[in-house]
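Residue numbers (my numbering), protein chains in the order written: chain A, 15 to 184; chain B, 3 to 133.
Below you'll find the structure, written out as structure tokens, and then a few comments.
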Amino acid sequence: MTTTNSDAVLPSQGIEAPRSGRIDPKYLRSNPSTGSFEMVAWVFMRVSGAALVVLIFVHLWTNLMVGDGIHQIDFAFVAGKWANPVWQFWDLTMLWLAMLHGTNGMRTIINDYAEKDSTRLWLKSMLYVASAVIIILGTMVIFTFEPCLTDDAGNLLEGVAPQFCHGVTN
Amino acid sequence: MTQTKSTPGGRGTLYKGREGMWSWVGHRITGVGIFFFLLVHVLDTSLVRVSPEAYNAVIGAYKHPIMIFGEIGLVGAIVFHAFNGLRIILVDFWKQGTRYHKHMLYAVLILWFVTMAAFSARHLMIFFGGE
Ligand code: HEM
Ligand code: HEM
């Protein structure tokens, strides 16, 4: 059996070319977001994506591929990295770009699959709250991190303080 | 006569079920996976503010043999999403992008394979070499 494609409207018979205007009602959304927001988001996905390739690949390289790789990762390793403002800035940028990029991607996916208005509202609210919490937490961790922990008597904690702490305190 | 929906000869449609669709499915699944990893990853990193012991104990889980393969899976997802993301950017912005989108997908898959072979070899060598 052959189907002529010029008059087919059912999605099971194919997907319309973009902007054909013939959209299965299932995919219509009430109050779609308007104006330039979607355009800005579209550009942001591409710009942040390109930056994230560099940010994440270097992150994986420094943490997994050089030195002792996975074995080296502990408190002292993090302290050593964040003693350098470059890595603080690196992680901060990576945190914000990856979270905003990922959150916007998840928003797209929710819009695609959740057909009921109320379901979309709920899922997106949960998404935005979770993302905000993670971004704020991650930012605060980078800025409030204390590498040279001491005990009550003011002595450096043995075994956990990185090398450079010796000589800084006392 | 519009030919937007089906390719002649009944080989399915222009998009559905072909390279373009599968790369999109892969991009979507990896994107969601990385997103949930990142939520957990920021939480585990935040343990450096609780205590060195708490951080070291939890991050120690990443050094378990099973997790070593989990990390290879995670990096595999990232590398595919990253390379395919660059392909999407090229399709959008490069004049010849739409013409070569399939060639670029094969390039993505080859580059992915090479990168993952190198990464897995190094990651496993470090893991079995140390300790
Ligand atoms: C198995 C692979 C990974 C390991 C072992 C790892 C390890 C670490 C470590 C040790 C830190 C502490 C600071 C630093 O070293 O820079 C960190 C922070 C961070 N990582 Fe990863 N990472 C991995 C994968 C990733 C991936 C794939 C992403 C991005 C999607 C990522 C994003 C981040 C971010 C945003 C921070 C900063 C967290 C904060 O602000 O509290 N990491 N990671
Ligand atoms: C490594 C560098 C990355 C590149 C080059 C990249 C690139 C892209 C591109 C071009 C898109 C398509 C956007 C659109 O269709 O308008 C996209 C979608 C997406 N990305 Fe990324 N991305 C990267 C990292 C990440 C990370 C770290 C996450 C998670 C935190 C993520 C999660 C997503 C999600 C959930 C989507 C939506 C997928 C969909 O709509 O099917 N990406 N990415």
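The beta-carbon is built from N, C-alpha and C at its ideal position, and this holds for glycine as well.
All figures in this text were calculated on a predicted structure; none of them were measured in a lab.
Can you tell me where the alpha helix (DSSP H) with D165 of chain A in it begins and where it stops?
-> Looking at the DSSP string, D165 of chain A is not in any alpha helix (DSSP H), and its letter there is neither H nor E.
Report buried or exposed for A175 of chain A, applying the criterion of at least 16 other Cβ atoms within 10 angstroms of its Cβ.
-> Here A175 of chain A is buried, its C-beta having at least 16 other C-beta atoms within 10 Å.
Can you list, in chain order, the residues of its chain whose CB lies under 8 Å from that of L69 of chain A, leaving out five sequence neighbours each side?
-> Cβ neighbours of L69 of chain A beyond the five flanking positions: W104, T107, M108, L111, A112.
Cut-off 8 Å between Cβ atoms - residues of its own chain near F95 of chain B, not counting five sequence neighbours on either side | none
Taking the C-alpha atoms as reference points, what is the distance between D64 of chain B and I112 of chain B?
-> Contrary to the premise, residue 64 of chain B reads as Tyr rather than Asp in this sequence. Across the structure, Y64 of chain B and I112 of chain B are spaced so that their CA atoms are roughly 28 Å apart.
Grab the span of the alpha helix (DSSP H) containing Y41 of chain A for me, first residue to last.
-> From DSSP, Y41 of chain A is part of no alpha helix (DSSP H); its letter is neither H nor E.
Contact list for the stretch 88-101 of chain B against chain A, Cβ threshold 9 Å = L88, I90, I91, D94, F95
What does a CB cutoff of less than 8 Å around A56 of chain B pick up in its chain, not counting 5 residues either side in sequence?
-> If we look at A56 of chain B and ignore the five residues flanking it on each side, its Cβ neighbours are L49.
Beta carbon of A112 of chain A: closer than 6 Å to some heavy atom of ligand 1?
-> yes
Closer than 7 Å to chain B by CB, V147 of chain A = no
How would you write the range of the alpha helix (DSSP H) that G83 of chain A sits in, first residue to last?
-> Neither: G83 of chain A is in no alpha helix (DSSP H) and is coded neither H nor E.
Got a sec: is the Cβ-Cβ distance from P67 of chain B to anything in chain A below 7 Å?
-> no
For a contact meaning CB atoms closer than 8 Å, what does V174 of chain A contact in chain B?
-> P54, E55, N58
Output, in chain order, the set of chain B residues within a Cβ distance shorter than 9 Å of V67 of chain A.
-> A84, F85, G87, L88
Put N153 of chain A into one of helix, strand or coil per three-state DSSP.
-> For the record, residue 153 of chain A in the displayed sequence is Thr; it is not Asn. Helix.
Taking 7 Å as the CB-CB limit, is G78 of chain B close to chain A?
-> no
Check each candidate in B:G33, B:N58, B:L92 and name the one with the smallest Cα separation from A79 of chain B.
-> B:G33
Which same chain residues, not among the five before or five after F58 of chain A, have their C-beta less than 8 Å away from its C-beta?
-> Hits under 8 Å: L114, H115, N118.
Determine the DSSP secondary structure at Q102 of chain A, reduced to helix, strand or coil.
-> helix
Look at the alpha carbon of A123 of chain B and the alpha carbon of D88 of chain A, and state the distance between them as a whole number of angstroms.
-> 23 Å
Cβ of G28 of chain B less than 7 Å from any chain A Cβ?
-> no
Anything in chain B within Cβ reach of R36 of chain A, meaning under 8 Å, just list it in chain order.
-> Here the premise fails: no neighbours, minimum Cβ distance about 10 Å.
Member of B:R20, B:W26, B:E21, B:R30 whose CA lies at the smallest distance from the CA of M120 of chain A = B:R30
Examine ligand 2 and report whether any of its heavy atoms sits within less than 6 Å of the Cβ of G70 of chain A.
-> Residue identity differs from the one stated: residue 70 of chain A is Ile in this sequence, not Gly. Yes, the beta carbon of I70 of chain A sits closer than 6 Å to at least one heavy atom of ligand 2.
Helix, strand or coil: which one does DSSP assign to S53 of chain B?
-> coil
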